[in-house]
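Only one structure is covered here, and it is reproduced in the block below.
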Amino acid sequence: MKKILLIIIIIFLTGCYNYTEINDLAFISSIGIDYNKTNERFIVTYEILNDNSTGEGKINKSYTISAEGKNITDAFNNTSLKVNNKPYFYHLKIIAIDETVAKKYTKDIVDYILRNPNVKNEFFLILIKNAKAKDILDKSDEVDPDIGNKIFKMIKSNEEQNNISIDQNFEATTKFFTSKLSNALINTFTINDKDEIIELGLSAFKEYEYIKTLTNEESALFNLIIKGKASLTLNKKDDDKIISVNIYSGKGKIEIKDSEVIYNIDALGEIKVNTTNINLKDEKAYHNLNDEFKKILNEKLLKFIEVLKNDNLDILEVNNLYYEKTRKEMNIFKSFDFKLNTNIKIDKKGLIFNFEN
């Protein structure tokens, strides 16, 4: 009986074999990866959350530690060696890469992260333009003590409000890196003239190679077509008079018939500016504006699609749609014709007028 009791006690009182005190961990909020062309070395930067109390009610800034390596593995190992405590990556918010890394070494980064069992793939991979990733991570201050969390929130906010972001974590992004039919998109940031972190348009990749960064308007058009979200301003000018319509929501559907791609787009908008003499309370006046705003939206969409076709960037996933329909792996995005069916509803002070093709 004593032996049975002893066995039960051993089973239920056994501790965790890999238990680590929280005070022995260094919580990594973000990682920056740059490439030094001069000495041909990678630079890895950790942004580490500072949990030391000031005793004065002040918010502690995070701090950064960097190291170089001849390859990405060495750079990570050398950076970890400079950290006093054990690096802990489970709260990682972002990994930022500079343009050189994005153009030549994205595959190395993706492979390394996927092989690392200590990293949860729920963070955002972002591109830093016209600056180094380390420069972004060094922007911690009392207002923004955690840069990784700041950028994480910016992506979430801009995806909902300005619609120039995509809320797509690293695990989801890797599926597009390995696809031969579609292209990956990641969020893009830089430092402006006021020394502030700002978000740019989405950056497109062909397999693992960085190709280009979309404009903010192109990024918003992408989200209108694919995500059904929009924050897009359409302007109709007549001499010094103007009417501005803000497209704040939308719904898109893509169909393929023969050698034609058909986009059916429903958009919701509201008039934000009107310096004309048009009576906006007159339903007929709204209908007269329909053709103009539909034409403006269609022109922007067709121009955007033409830009994508010229670069052979199928971020609209037309090739995947064609594969699902025919089970043929073919790059038809560039060769097919595109047709737009647009429906706009403009909401003004509770009155909704429906303008259809």
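Okay, so the sequence shown: first residue is -7 according to the numbering used here, each after it adds one.
All C-beta atoms, glycine included, are put in the ideal place defined by N, C-alpha and C.
Cα-Cα separation between residue i and residue j, rounded to whole angstroms
| i | j | result |
| --- | --- | --- |
| Phe162 | Ile89 | 13 angstroms |
| Val135 | Lys326 | 47 angstroms |
| Ile20 | Glu316 | 40 angstroms |
| Asn63 | Phe34 | 6 angstroms |
| Pro109 | Ile87 | 16 angstroms |
| Ile158 | Leu117 | 11 angstroms |
| Asp329 | Glu209 | 22 angstroms |
| Glu151 | Ala277 | 33 angstroms |
| Ala222 | Asn31 | 44 angstroms |
| Gly140 | Ala59 | 19 angstroms |
| Ser132 | Ile307 | 34 angstroms |
| Thr334 | Leu106 | 42 angstroms |
| Ile270 | Glu291 | 24 angstroms |
| Ala259 | Lys273 | 21 angstroms |
| His83 | Thr318 | 42 angstroms |
| Lys167 | Thr205 | 20 angstroms |
Local conformation of residue i per DSSP, three classes
| i | result |
| --- | --- |
| Ile189 | strand |
| Lys331 | strand |
| Arg33 | strand |
| Ala123 | coil |
| Gly140 | helix |
| Ile156 | coil |
| Asn349 | For Asn349, the pLDDT reaches just 46, beneath the cut-off of 50, and the residue's location in the model is therefore unreliable, leaving the point undetermined. |
| Asn63 | coil |
| Leu308 | coil |
| Gly179 | Rather than Gly, the amino acid found at residue 179 in this sequence is Asn. Three-state result, Asn179: strand. |
Option in the options with minimal Cα separation from residue i
| i | options | result |
| --- | --- | --- |
| Val310 | Lys286, Ile217 and Asp232 | Ile217 |
| Asn42 | Leu173, Val75, Ile246 and Asn333 | Val75 |
| Asn28 | Ile57, Gly61 and Tyr38 | Gly61 |
| Tyr240 | Lys233, Ile143, Ile263 and Asn256 | Ile263 |
| Glu284 | Ile57, Thr65, Asn69 and Asn227 | Asn227 |
| Gly24 | Asn52, Asn77, Leu73 and Ala123 | Ala123 |
| Lys295 | Tyr314, Ala18, Tyr80 and Ser211 | Ser211 |
| Ile234 | Leu224, Ser22 and Val265 | Val265 |
| Ser251 | Ser54, Glu91, Ile324 and Ile183 | Ile324 |
| Glu247 | Thr56, Tyr314, Ile190 and Thr166 | Tyr314 |
| Gly244 | Asn238, Ser236 and Asn256 | Asn256 |
| Lys112 | Lys85, Leu129, Tyr97 and Val93 | Lys85 |
Nearest-angstrom Cβ-Cβ length linking residue i and residue j, presumed shorter than 8 angstroms
| i | j | result |
| --- | --- | --- |
| Leu293 | Leu332 | 6 angstroms |
| Leu173 | Glu39 | With 8 angstroms as the limit, Leu173 and Glu39 do not qualify as a contact, their Cβ atoms being about 36 angstroms apart. |
| Phe197 | Phe214 | Contact flag wrong, Cβ pair sits at about 14 angstroms. |
| Ile338 | Lys286 | About 11 angstroms separates the two Cβ atoms, so there is no contact after all. |
| Pro137 | Ser54 | 6 angstroms |
Residue i: CB within 8 angstroms of a non-hydrogen atom of the ligand SAM
| i | result |
| --- | --- |
| Ile324 | For the structure depicted, the ligand SAM is absent and the ligand set is empty, with no information on it obtainable. |
Runs of 3 residues minimum, wholly inside the stretch 201 to 228: which ones carry the beta strand (DSSP E) assignment? 201 to 205
Which full runs of the beta strand (DSSP E) of 3+ residues lie inside the stretch 234 to 318, going along the chain? 252 to 266
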